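Contents: one structure, followed by commentary.
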Amino acid sequence: MINYGSYRLFRRYRCKDCGRTFNDKTGTIFAHAKIGLETLFFAFYSLLRFNTSIRQLDAEIDVSYRSLRQRVEQFARTLDAPVLNLTGPVEIDEVYVTAGLKGRERDRESRSRGLSKRGRGNYAEDKPPVFTLVDRGSGQRYAVPAKSADESTVRLLLGDPEEESLTVYTDGFRAYDPLEDDENYQREAVIHGEGEYVDGNTHVNTCESHASLVRRWLSPHRGVSKDKLTPYLRAFQLRRQILRKPGREALKEIVRTVL
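Start counting the sequence shown at 9; every next residue gets the next number (my numbering).
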């Protein structure tokens, strides 16, 4: 590799073997971006630190809404899915969020708010479940979207304990009932329908608290397309990681994560 001049504000290099040239942004999400790096850093930092909507960022900086939205969504897609290494005990609960076809042409009439269905939703009905998990052993918290809230999804999230049974705290939702007969899990439940919310260490209050933060995270964006729900929740996970870090350290963590 040898120096090969510059490209705009960035140093340019040339590979001795293949002859190709590249610069400091090549191969990153910042490649070919017409928006300056300082502006992108400000946008990513504001999104995660202050939960600023893209529309508000458009008002704050001199960049078109479309270009900014494309870069922010590309940033969110770059984030890796959280790895669930559960040590236990584990709380698990689900929350249902409204996520339809925002930004896309509909093949049906819009829903009437007055005709909204009560009860649990699913991906097809534009109300996908988001599972919240709290590992009391490690202190880690997760928010994972799913197509439906059923037994297979629950087992996929909890994994297969290798050494000893995993203690799982749940509510009375029937999707958790099969865990009762599985020797890999020790299920303890509180039945909200019977007015039971806490029984000693058995509760899902931490999950419900985390779910309220998920709703608050999605709220400024005035609805998220269900196709983009996963990237937005991965951004929420990164937000939790930088929450207690000072500004400069938080920005370094954001840039390090997407490179």
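Quick reminder that beta carbons are idealized off the backbone N, C-alpha and C, glycines included. Being a predicted model, the structure only gives us computed values, none of them experimental.
Check                                                                                          : Outcome
Those residues which DSSP pairs with T140 across a bridge                                      : D101 and A151
Length of the line joining the Cα atoms of R121 and S233                                       : In this prediction, R121 scores a pLDDT of 49, lower than 50, which makes its location untrustworthy; no coordinate-derived value is stated.
8 Å Cβ shell around R149 - same chain, five flanking residues per side excluded                : T140, L141, V142, D143, T214, H218 and R248
Alpha-carbon to alpha-carbon, G203 and Q2                                                      : Because the chain is modelled from 9 through 267, residue 2 falls outside the range shown and cannot be assessed.
Exposed unless 16 or more other CB atoms sit within 10 angstroms - verdict on H211             : buried
Cβ pair D179, V206 closer than 8 Å                                                             : no
Inter-residue spacing [alpha-carbon to alpha-carbon] between A157 and R22                      : 52 Å
Contact the region 54-71 vs the region 89-98: 3+ CB pairs below 8 Å                            : no
Local conformation of A197 per DSSP, three classes                                             : strand
C-alpha gap between Q194 and H200, whole angstroms                                             : 19 Å
For T161 and T175, the rounded distance between their alpha carbons                            : 17 Å
Secondary structure, beta strand (DSSP E): runs of 3+ residues fully inside the region 153-233 : 174-178 and 193-197
Within 8 Å, strictly: CB atoms of L55 and A258                                                 : no
Proximity to R63 [Cα-Cα], best of T238, E261 and G231                                          : G231
Buried/exposed call for A132, threshold 16 Cβ in 10 Å                                          : exposed
Sub-8 Å separation of V103 and P136 beta-carbons                                               : no
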